[in-house]
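Structure record follows, encoded as structure tokens.
Spelled out as structure tokens, the structure:
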């Protein structure tokens, strides 16, 4: 029995060591003047986050970094798709967003408050204007939740996901609506 226990501890230790640590780091500070968004310091978080991750056994080749004009709606979506496709069972995944956040009107009726939370990519506009800009470049919580649910399925129950959003209105920005979805997604939000 003692040999079996030692063997199980050994195998579990190897499994944790074999898990790849992956990161997606998004920092936006220099939004285009025409967007209506004020300049902030989200891009200055990138070196600090990278340094923290490197000290915690993340490897630079497993980090995707999107800064300012790289962090468009399509750039962020592509980075999430790459993260999902490259992730494997038991991986540890850290996702960081530093930039503007905004609440917008919930269009699919899944929010009790009537508002969705959104991360603001580089190419998102501040003001809604029918026929000109209708929020198509806002990264809405429903889309973020879809990415996180797919990532959770890929890395399994023993994989870890940490999401850090340094943005206004980020409190529920990655959460699925309803208790059942939250249990299904099972990720960590700091």
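Numbering (my numbering), first residue to last: 97 to 286.
Using N, Cα and C, we set each Cβ at its ideal position, and we do this for glycine too.
All values reported here derive from a predicted model rather than from experimental measurement.
- Cut-off 7 Å between Cβ atoms - residues of its own chain near residue 142, not counting five sequence neighbours on either side: 121, 123, 161, 163
- Quick one: Cα of residue 223 to Cα of residue 115, how far? 43 Å
- Query: Is it the case that the Cβ atoms of residue 193 and residue 243 are separated by a distance below 8 Å?
  - Reply: no
- Query: Looking only at its own chain, which residues have a Cβ that is under 7 Å from the Cβ of residue 246, when we skip the five neighbours before and after it?
  - Reply: Here residue 246 has 180 as same chain residues with Cβ atoms under 7 Å from its own Cβ, once five neighbours each way along the sequence are excluded.
- Cβ shell of residue 188 (< 6 Å), same chain only, five flanking positions each side left out: 115, 117, 256
- Please list, in chain order, all residues of the same chain as residue 178 whose beta carbon is under 8 Å from its beta carbon, the five residues on each side excluded. 160
- Within its chain, find whatever has a CB closer than 7 Å to the CB of residue 169; leave out the 5 residues flanking it on each side and keep chain order. 217, 219, 220, 233, 235
- For residue 45, write down the residues that DSSP places opposite it in a beta bridge. Absent from the model: residue 45. The displayed extent of the chain is 97 to 286, so no value can be given.
- Whole-angstrom distance between residue 185 and residue 254, CA atom to CA atom: 8 Å
- Excluding the five sequence neighbours on either side, which residues of its own chain have a C-beta within less than 7 Å of the C-beta of residue 172, listed in chain order? 122, 162, 217, 235
- Query: Hey, is residue 115 close to the ligand NAD, as in C-beta under 7 Å from one of its heavy atoms?
  - Reply: Inclusion of the ligand NAD in the displayed structure is not the case, the ligand content being empty and no account of it being possible.
- Item | Bounding residues of the beta strand (DSSP E) (the contiguous stretch that carries residue 160) | 159-163
- Between residue 145 and the rest of its own chain, which residues show a CB-CB distance below 6 Å, the 5 nearest in sequence each way excluded? 121, 192
- Going straight from the alpha carbon of residue 229 to that of residue 138, what length do you get? 24 Å
- Report the three-state DSSP secondary structure of residue 257 (helix, strand or coil). If DSSP states are grouped into helix, strand and coil, residue 257 belongs with the strands.
- If you run the structure through DSSP and keep just helix, strand and coil, what is residue 186? coil
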